[in-house]
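Offset between the sequence shown (1-based) and the working numbering: plus 261. C-beta atoms are modelled at their ideal positions from N, C-alpha and C, and glycine is treated no differently. Remember, it's a predicted structure, so these values are computed and weren't measured experimentally. In what follows, a single structure is set out as structure tokens and then discussed.
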Amino acid sequence: MTERPEPDLVTVAEVAARVGAAVQTVRLWIRRGFFPVVVRDTHGPGRRIWVRWADVRALGERQAIGKERPAWPDEPDPPLPA
262 MTERPEPDLV TVAEVAARVG AAVQTVRLWI RRGFFPVVVR DTHGPGRRIW
312 VRWADVRALG ERQAIGKERP AWPDEPDPPL PA
């Protein structure tokens with residue numbers, strides 16, 4: 262398992278699970294520049310992309326302007342790994 266580079270970073274899969282979106286959708290948001298990639302881990306098996314949960318929350322806030330606000334931006338930050 263890859264170590265979390267910083268405590269406030271989450272993977273694409275973790276973002277997808279928390280916001281109820283497909284992993285492919287989160288990758289599309291990144292490609293469109295909705296929030297930045299902080300760390301790209303290309304070493305070892307597989308590839309991980311890390312983003313800040315605060316950036317994902319900010320996207321949720323921007324998208325909710327004038328609409329019913331989703332609950333997920335109010336969830337606490339992801340727990341630190343054991």
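Three-way DSSP call (helix, strand, coil) for residue i in this model
i, result
"Asp269", "coil"
"Val299", "coil"
"Arg318", "helix"
"Arg323", "helix"
"Arg309", "strand"
"Ala274", "helix"
"Arg293", "coil"
From the options, residue whose alpha carbon lies closest to that of residue i
i, options, result
"Val298", "Glu322, Gly321, Arg323 and Val276", "Val276"
"Arg308", "Ala315, Trp314 and Val300", "Val300"
"Leu320", "Asp302, Val287 and Trp311", "Val287"
"Leu289", "Ile310, Asp302, Asp269 and Leu270", "Ile310"
Pairs of beta-carbons, one from the region 264-271 and one from the region 285-297, closer than 8 angstroms: are there three or more?
no
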